[in-house]
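> Just dropping this structure here.
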Amino acid sequence: MDEQALLGLNPNADADFRQRALAYFEQLKISQDAWQVCAEALAQSIYSDDHIKFFCFQVLEHQIKFKYSELTEVQQQLIRETLITWLQAQMLNPQPEKTFIRNKAAQVFALLFVTEYLTKWPKFFFDILSVVDLNPRGVDMYLRILMAVDAELVDRDVVHTSEEARRNTLLKDTMREQCIPSLVESWYQILQNYQYNNSELTCQCLEVVGAYVSWIDLSLIANERFINMLLGHMSVEVLREEACDCLFEIVNKGMDPIDKTKLVESLCQVLQSAGLFSIDQEDDVDFLARFSKLVNGMGQALIASWTKLIKNGDMKSAQDTLQAIEAKVSLMLQLLIHEDDDISSNIIGFCYDYLHILKQLSALSDQQKANVEAIMLAVMKKLTYDEEYNFENEGEDEAMFVEYRKQLKLLLDRLAQVSPELLLASVRRVFNTTLQNWQTTRFMEVEVAIRLLYMLAEALPVSHGAHFSGDVTKATALQDMMRTLVTSGVSAYQHTSVTLEFFETVVRYEKFFAVEPQHIPTVLMAFLDHRGLRHTSPKVRSRTAYLFSRFVKSLNKQMNPFIEDVLNRIQDLLELSPPENGYQALLSSDDQLFIYETAGVLIVNSEYSAERKQALMRNLLTPLMEKFKVLLEKLMMAQDEDRQMALADCLNHAVGFASRTSKAFSNKQTVKQCGCSEVYLDCLQTFLPALSCPLQKEVLRSGVRTFLHRMIICLEEEVLPFIPSASEHMLKDCEAKDLQEFIPLINQITAKFKTQVSPFLQQMFMPLLHAIFEVLLLPAEENDQSAALEKQMLRRSYFAFLQTVTGSGMSEVIANQGAENVERVLFTVIQGAVDYPDPIAQKTCFIILSKLVELWGGKDGPVGFADFVYKHIVPACFLAPLKQTFDLADAQTVLALSECAVTLKTIHLKREFCQALQQPDAKVFKNYLKVFFQRAKP
1 MDEQALLGLN PNADADFRQR ALAYFEQLKI SQDAWQVCAE ALAQSIYSDD HIKFFCFQVL
61 EHQIKFKYSE LTEVQQQLIR ETLITWLQAQ MLNPQPEKTF IRNKAAQVFA LLFVTEYLTK
121 WPKFFFDILS VVDLNPRGVD MYLRILMAVD AELVDRDVVH TSEEARRNTL LKDTMREQCI
181 PSLVESWYQI LQNYQYNNSE LTCQCLEVVG AYVSWIDLSL IANERFINML LGHMSVEVLR
241 EEACDCLFEI VNKGMDPIDK TKLVESLCQV LQSAGLFSID QEDDVDFLAR FSKLVNGMGQ
301 ALIASWTKLI KNGDMKSAQD TLQAIEAKVS LMLQLLIHED DDISSNIIGF CYDYLHILKQ
361 LSALSDQQKA NVEAIMLAVM KKLTYDEEYN FENEGEDEAM FVEYRKQLKL LLDRLAQVSP
421 ELLLASVRRV FNTTLQNWQT TRFMEVEVAI RLLYMLAEAL PVSHGAHFSG DVTKATALQD
481 MMRTLVTSGV SAYQHTSVTL EFFETVVRYE KFFAVEPQHI PTVLMAFLDH RGLRHTSPKV
541 RSRTAYLFSR FVKSLNKQMN PFIEDVLNRI QDLLELSPPE NGYQALLSSD DQLFIYETAG
601 VLIVNSEYSA ERKQALMRNL LTPLMEKFKV LLEKLMMAQD EDRQMALADC LNHAVGFASR
661 TSKAFSNKQT VKQCGCSEVY LDCLQTFLPA LSCPLQKEVL RSGVRTFLHR MIICLEEEVL
721 PFIPSASEHM LKDCEAKDLQ EFIPLINQIT AKFKTQVSPF LQQMFMPLLH AIFEVLLLPA
781 EENDQSAALE KQMLRRSYFA FLQTVTGSGM SEVIANQGAE NVERVLFTVI QGAVDYPDPI
841 AQKTCFIILS KLVELWGGKD GPVGFADFVY KHIVPACFLA PLKQTFDLAD AQTVLALSEC
901 AVTLKTIHLK REFCQALQQP DAKVFKNYLK VFFQRAKP
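Numbering (UniProt numbering), first residue to last: 1 to 938.
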């Protein structure tokens, strides 16, 4: 071996050595006999360096995985012997191999098993067992090999081909017939031999039993001697977690429902008599988490049995199983209420399924009602934050609690389905008790009380949020709670979680304010002062900005009395934050977008006259325009790039804010009807000069382009005079991304205004195409994936543009570009349909071609188009699907093929050739064919 290259295998080696080692590995993989050198090195223990040993196993692994069939019988025998020799050496070595080497060796054994067991090595396991016997190091390797074999055969995370899946099924069937009973016996012997003196091997063996039990005959494991031994392990501290997992896998195994009930019940009796059901006396949370998972598995197994028995009509057995389920509920509740969330989380599945059973019963017994109430109280308690929760810097623990809360919410929803009255009464009791004394109550209890009210909205669903009509009891209860929420003063509670929950709940139940509008000013003040938009926490301010926007939108006309007051109060929040050092605005620019939108909604939805609306909108937007002009001048003079970027961002925000105000308009309240056209046209005139700024083009163009998109919708024809000069600026010095983003703007104009913009389109058609072709023809490095992707996206945008033009009935825009240009465009479409392996673009190209055939395919079509159809379009319809890259298993490609079919069908309907071909008189067709070819020749 290349000793120098091997030095690079050490993780501490420098980059050059590591690179050389990688190259050497690739070289050995290709080599015909390099694996033999590695096999010899392993069999004879030539190297002591762990990384070289691992490397040798990797070379062998590659040989078995990819080149095994190329080896002779003798060579294959050599690999078998090498592995057995290496295994024998493990029991004699003074020190065991490192774990990562043993795991890699086990993987290589498993690969060889998969390859040879059915044909050349049926005694695979017996050979290994005869070598290892009960030697602890040998047993360790044997168990690792078993886990590696299981991973190869049944690992659900590995995607297998159908051929591999068939092979794996055959391997498992053969193992069940030939060796599984012997393997099970070996596990029993290992457990018996090592359970008191080698916990590591015992746990490994229990893991193997748990893995294999899912696909072997359960009676081999679920019998008295095995189960008694496992239950014995449940009392041994170092073994019980693994024993728990093993019992869980046994319980999880599919079997006859009556047998399953008997198995679970017998397990429960023994566990209970061993004192394992006394949760309060156990302080090992890691074990309890596993135990909770086991109880969850037993509970869900019994519920699955009950469901099958009910389906089969065996009511007597179903009743017995239901009693067995009910008997586990008190244990389930102890685990659900446990202070450790992992333990509680592991039992939620059983709890959820139990409630599902109760939902199906016609009437609940007193005990079942008590169980429901106990689950409800447990959920309410467990929803509560603990003292350690870090609200300002949420990390992994906090994220896990948020996920856990989502699980509890599902339980609450299920409780609502079982007993909505009980849930409503329980929440009402907790809510009222807590809010009566909120000033002296801990934050987490106040937060959860409001949170429960919030969660009722989804737990007791109604259409369109109509919680305050219909069912009188429910409507009254919710109305009372909402009244208490907004009048209690709890919005002033000094904790971010309570503040946020208050605002979230107010917005969720916005229909309450239609019933009791007198509370609107109170809530508006909470939004606008130090409790909301001016809170000390940026997180609260940010979320409140969004919620305030939603609140105002939902109240609509009820906001009329407060419009001018609110606009005055938010004035300082609308200020464009200058990019000057040290200035810290209350809201981020993203948050300000919501405030601008809110201001727009207040103005547009008001009952003011058009003149008053225009004045208010001008007051809102004029400061932006003035600031924009000043900042643009500063940008033109700025030298420092960081300063340029800061100014460009600020300019972009100004455009974005103006754009966001326009979201308030609708079909019922258009810009024109509100008298605001002039203000937005002024904005356009203010913003468009930014397109000719040579600095920070990408940022500025992006903002102005977005504004133009909005104005095309809002101002309609009034925007048209601005489009030509804007387009001209945007086409200057542009890159692939600029064009990609510019084309949708042109598509929007084309689709909306159609023939109105025909002169403009005819004028800018070729300049746009030249810009596109110029970018597409730019040379790029062969391996530059991002450049290739950008070109692909630009190509798609180009074809989408042609599709919009042809689909909007404006094919004359193309036809009027001169014969040479028309031909060039048509050839790019043919090229897109055939040459580029991009089914999305191909589909678009065929849509364009079929549309052009439909429009130009008759006698009045452009000169030469008939020839083009037969010389290029028809062949394209056959050449494209015949390409190797045209993958008919791909959904997008199938769509491209269907458009290809439409193109052929359109040609058939349109062209005289096809009509002539259908002539019954052969002589007529012969005469036509002669004329056709005379015309077709150049």
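Even for Gly, the Cβ is constructed at its ideal location relative to N, Cα and C.
Take every Cβ of the region 647-658, pair it with every Cβ of the region 620-634, and state whether three or more of those distances are shorter than 8 angstroms.
Contact holds: three or more Cβ-Cβ distances are below 8 angstroms.
> How would you write the range of the alpha helix (DSSP H) that Pro759 sits in, first residue to last?
Position 759 of the sequence shown, counted from the start, is the residue given in the question as residue 759. Per DSSP, Pro759 belongs to the alpha helix (DSSP H) from 758-776.
> Rounded C-beta distance between Gln842 and Ala889? I'm assuming under 8 angstroms.
Here the question's residue 842 lines up with position 842 in the sequence shown. Here the question's residue 889 lines up with position 889 in the sequence shown. Rounded, the Cβ-Cβ distance is 15 angstroms, inconsistent with contact.
> Compare the Cα-Cα distances from Ile303 to each of Asp342, Gln334, Ser606, Leu355 and report the closest residue.
Start at 1 with the first residue of the sequence shown, and residue 303 comes out as number 303. Answer by Cα proximity: Leu355.
> Of the residues Leu201, Leu745, Phe933, Ile128, which one's Cα is nearest the Cα of Arg701?
If you number the sequence shown from 1, residue 701 lands on position 701. Ranking Leu201, Leu745, Phe933, Ile128 by Cα distance to Arg701 puts Leu745 first.
> Which residues mark the beginning and the end of the alpha helix (DSSP H) in which Ser659 is found?
Locating residue 659 in the sequence shown gives position 659, where the first residue counts as 1. It spans 641-661 - the alpha helix (DSSP H) in which Ser659 sits, taken as one unbroken run.
> Tell me, please, whether the region 92-109 touches the region 131-147 by the rule of three or more beta-carbon pairs shorter than 8 angstroms.
yes
> Nearest-angstrom Cα distance between Val37 and Val114?
Along the sequence shown, one-based indexing puts residue 37 at 37. Along the sequence shown, one-based indexing puts residue 114 at 114. Roughly 24 angstroms between the two C-alpha positions.
> Which first and last residues belong to the alpha helix (DSSP H) in which Trp121 is found?
Start at 1 with the first residue of the sequence shown, and residue 121 comes out as number 121. Here Trp121 belongs to no alpha helix (DSSP H), and DSSP marks it neither H nor E.
> Compare the C-alpha of Asp565 against each of Arg156, Thr806, Pro521, Ile145 and name the closest.
Sequence index remark: in the sequence shown, residue 565 carries index 565 (1-based). Asp565 has its Cα closest to that of Pro521, out of Arg156, Thr806, Pro521, Ile145.
> How is the alpha helix (DSSP H) around Ile310 delimited, first residue to last?
Along the sequence shown, read from residue 1 onward, the residue named residue 310 stands at position 310. 285-312 is the span of the alpha helix (DSSP H), which, as asked, contains Ile310.
> Could you tell me if Met141 is buried or exposed, where buried requires 16 or more neighbouring beta carbons within 10 angstroms of its beta carbon?
In the sequence shown, counting from the first residue as 1, residue 141 sits at position 141. Met141 should be labelled buried.
> Counting beta carbon pairs with one atom in the region 301-317 and one in the region 372-385, are three or more of them shorter than 8 angstroms?
No, the region 372-385 does not touch the region 301-317.
> Excluding the five sequence neighbours on either side, which residues of its own chain have a C-beta within less than 7 angstroms of the C-beta of Leu309, listed in chain order?
In the sequence shown, residue 309 corresponds to position 309, counting from 1. Here the set comprises Pro257, Ser317, Ala318, Thr321.
> Could you check the C-alpha separation between Ala457 and Val498 for me, to the nearest Å?
Working through the sequence shown from its first residue, we reach residue 457 at position 457. Working through the sequence shown from its first residue, we reach residue 498 at position 498. The alpha-carbon atoms of Ala457 and Val498 are separated by roughly 18 angstroms.
> Which class does Glu781 belong to by DSSP, given the choice of helix, strand or coil?
In the sequence shown, the residue the question calls residue 781 occupies position 781. In the structure shown, Glu781 sits in coil (DSSP, three-state: anything other than H, G, I, E or B).
> Helix, strand or coil: how does DSSP classify Trp86 here?
Here residue 86 refers to the residue found at position 86 of the sequence shown. Looking at Trp86 - three-state DSSP - the assignment turns out to be helix.
> Between the Cα of Val213 and the Cα atoms of Ile180, Lys923, Glu224, which residue gives the shortest distance?
Taking the sequence shown and counting its residues from 1, one reaches residue 213 at position 213. The shortest C-alpha separation from Val213 is found at Ile180.
> In whole angstroms, give me the CA-to-CA distance for Tyr389 and Met444.
For the purposes of this step, residue 389 is taken as the residue at position 389 of the sequence shown. For the purposes of this step, residue 444 is taken as the residue at position 444 of the sequence shown. Rounded to whole angstroms, Tyr389 to Met444 spans 10 angstroms at the Cα level.
> If you run the structure through DSSP and keep just helix, strand and coil, what is His51?
Here residue 51 is taken as the residue at index 51 of the sequence shown, counted from 1. In the structure shown, His51 sits in a helix (DSSP, three-state: H, G or I).
> Alpha helix (DSSP H) containing Cys845: first to last residue?
By one-based count along the sequence shown, residue 845 stands at place 845. Boundaries of the alpha helix (DSSP H) harbouring Cys845: 839-856, taken from the DSSP string.
> Check whether the Cβ atoms of Trp856 and Ser811 sit closer than 8 angstroms, and answer yes or no.
As a position in the sequence shown, residue 856 is number 856, starting the count at 1. As a position in the sequence shown, residue 811 is number 811, starting the count at 1. Result yes, Cβ atoms of Trp856 and Ser811 sit closer than 8 angstroms.
> Using the C-alpha atoms, what's the distance from Asn198 back to Asn103?
Along the sequence shown, one-based indexing puts residue 103 at 103. Along the sequence shown, one-based indexing puts residue 198 at 198. Rounded to whole angstroms, the separation of the alpha carbons of Asn198 and Asn103 is 19 angstroms.
> Between the Cα of Ala477 and the Cα atoms of Leu423, Gln436, Ser491, which residue gives the shortest distance?
Along the sequence shown, read from residue 1 onward, the residue named residue 477 stands at position 477. Among Leu423, Gln436, Ser491, the Cα nearest to that of Ala477 belongs to Leu423.
> Taking the beta carbon of Phe66 as the centre, do at least 16 other beta carbons fall within 10 Å, making it buried, or is it exposed?
For this step, residue 66 is matched to residue 66 along the sequence shown. Phe66 comes out exposed.
> Suppose the cutoff is 8 angstroms on Cβ atoms and the five residues either side in sequence are ignored; what does the same chain contact list for Met255 look like?
Taking the first residue of the sequence shown as 1, we reach residue 255 at position 255. Excluding sequence neighbours, Met255 sits near Leu218, Leu263.
> Whole angstroms is fine: what's the gap from Leu729's alpha carbon to Met766's?
Counted from its first residue, the sequence shown places residue 729 at position 729. Counted from its first residue, the sequence shown places residue 766 at position 766. For clarity, residue 729 is His in the given sequence; the question names Leu instead. The straight-line gap from Cα to Cα measures roughly 15 angstroms.
> Hey, how far is the Cα of Thr906 from the Cα of Ile712?
Within the sequence shown, numbered from 1, the residue matching residue 906 stands at position 906. Within the sequence shown, numbered from 1, the residue matching residue 712 stands at position 712. When rounded, the distance between both Cα atoms is 34 angstroms.
> Could you check how far apart the C-beta atoms of Phe799 and Thr844 are, in whole angstroms? I think they sit under 8 angstroms.
Translated into positions along the sequence shown, residue 799 becomes position 799. Translated into positions along the sequence shown, residue 844 becomes position 844. About 4 angstroms separates the two Cβ atoms, so the contact holds.
> How big is the Cα-Cα spacing for Val604 and Leu684?
The sequence position of residue 604 within the sequence shown is 604, counting from 1. The sequence position of residue 684 within the sequence shown is 684, counting from 1. Looking at the two C-alpha atoms, the distance is approximately 20 angstroms.
> For Asn198, which three-state DSSP category applies?
By 1-based counting over the sequence shown, the position of residue 198 is 198. DSSP places Asn198 in coil when its eight states are reduced to three.
> So, does the region 406-417 touch the region 475-493, judging by three or more C-beta pairs under 8 angstroms?
no
> Around the Cβ of Ile30, are there at least 16 other Cβ atoms within 10 angstroms (buried) or fewer (exposed)?
Walking along the sequence shown from the start, residue 30 turns up at place 30. Exposed.
> Expressed to the nearest angstrom, what Euclidean distance is found between the alpha-carbon atoms of Leu78 and Leu42?
Residue 78 sits at position 78 when you count from the first residue of the sequence shown. Residue 42 sits at position 42 when you count from the first residue of the sequence shown. One alpha carbon belongs to Leu78, the other to Leu42, and they sit about 12 angstroms apart.
> Where does the unbroken alpha helix (DSSP H) through Val213 begin, and where does it stop?
For the purposes of this step, residue 213 is taken as the residue at position 213 of the sequence shown. Taken as a continuous stretch (DSSP letters only), Val213 belongs to no alpha helix (DSSP H), as it is neither H nor E.
> Taking the alpha helix (DSSP H) that Asp590 falls in, what are its first and last residues?
Counting from 1 along the sequence shown, the entry for residue 590 is found at position 590. 589-604 is the span of the alpha helix (DSSP H), which, as asked, contains Asp590.
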